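Chemist:
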Amino acid sequence: MRRFNQMLVIFGGVIYILLAVFNLSISLYLQKNAEFSQLNPAYSKIAQLLNIGIIVFFFSLGFIILRHRKEMLTSALGKSILLMSAVFFLIRGAAEFLFDNIAYGLIGTMAICSVIFLLPVFLKEKG
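Residue 11 is where the sequence shown starts when you use our numbering, and the numbers rise one by one after that.
This is the structure in structure tokens:
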């Protein structure tokens, strides 16, 4: 069970790194998008700054989880980070209902990500 939990934690860290890369690609796309550049310059800059912040946050959290994967399973802080991550993905999936075109695949993906972070918090290790 311990190995399974460690694999989930590693996968969770990789998910955050992939999200950072995805958001980086969105940032690059928005810089070239004509419609986005037509927005009020203040809104455009705010959106870019928020995206840069989330990129740094995702890279940092992914690195921390991967670097300290053992502590994620054994410390209260690690389990809190995993629990917070699970809640983040649940809320992100639920937020999809705010859009007119609901992406059910994205909601399912967010639910799976949430489970990936939640399982190591509650699965007891045999020993």
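The C-beta atom is built at its ideal place from N, Cα and C for all residues, glycine as well. Since we're looking at a predicted model, the values are computed, not measured.
Does DSSP put N111 in a helix, a strand or coil?
Modeler: On the sequence shown, residue 111 is found 101 positions in, with the first residue counted as 1. In this structure, N111 counts as coil in the three-state DSSP scheme.
Chemist: Given K103, which residues of its chain have a CB within under 6 Å of its CB, disregarding the five upstream and five downstream residues?
Modeler: By 1-based counting over the sequence shown, the position of residue 103 is 93. The displayed chain sequence assigns Gly, not Lys, to residue 103. Same-chain partners within the cutoff: I117, M120, A121.
Chemist: Along the chain, where does the alpha helix (DSSP H) containing L71 start, and where does it finish?
Modeler: What you label residue 71 is simply residue 61 of the sequence shown in a count that begins at 1. Residues 51–77.
Chemist: Flag this pair as touching only if the segment 29–42 and the segment 103–113 have three or more C-beta atom pairs under 8 Å; answer yes or no.
Modeler: no
Chemist: Answer with buried or exposed for V125, where buried requires no fewer than 16 other C-beta atoms within 10 angstroms of its C-beta.
Modeler: Translated into the one-based positions of the sequence shown, residue 125 becomes position 115. Classification of V125: exposed, given that the 10 Å Cβ count is below 16.
Chemist: Cutting at 6 Å between CB atoms, please list the residues of its own chain near L71, excluding the five before and the five after it.
Modeler: Looking up residue 71 in the sequence shown gives position 61. Closer than 6 Å at the Cβ level, and outside the excluded window around L71, lie Y26.
Chemist: Return the chain-ordered list of same chain residues with a C-beta closer than 6 Å to the C-beta of G88, the five sequence neighbours on each side being excluded.
Modeler: By one-based count along the sequence shown, residue 88 stands at place 78. E81, M82, listed in sequence order.
Chemist: Counting only beta-carbon separations shorter than 8 Å, does M94 have a partner in chain C?
Modeler: As a matter of chain content, chain C is missing from the structure shown, which is built from one protein chain.
Chemist: Start and end of the alpha helix (DSSP H) containing K89?
Modeler: Within the sequence shown, the letter at position 79 stands for residue 89. First-last of the alpha helix (DSSP H) with K89: 86–105.
Chemist: Just curious, the alpha helix (DSSP H) that Q41 is in, first and last residue?
Modeler: Position 31 of the sequence shown, counting from 1, holds the residue named residue 41. Looking at the DSSP string, the run of the alpha helix (DSSP H) that includes Q41 is 12–42.
Chemist: Kindly give me the distance between the Cβ atoms of L129 and L18, rounded to whole angstroms, as I take these residues to be in contact under 8 Å.
Modeler: Counting from 1 along the sequence shown, the entry for residue 129 is found at position 119. Counting from 1 along the sequence shown, the entry for residue 18 is found at position 8. The pair is a contact, with the Cβ atoms about 6 Å apart (cut-off 8 Å).
Chemist: Looking at C-alpha atoms only, which residue of F32, N50, A113, V131 is the closest neighbour of V97?
Modeler: The residue given as residue 97 occupies position 87 in the sequence shown. Residue V131 is the option with its Cα nearest to V97.
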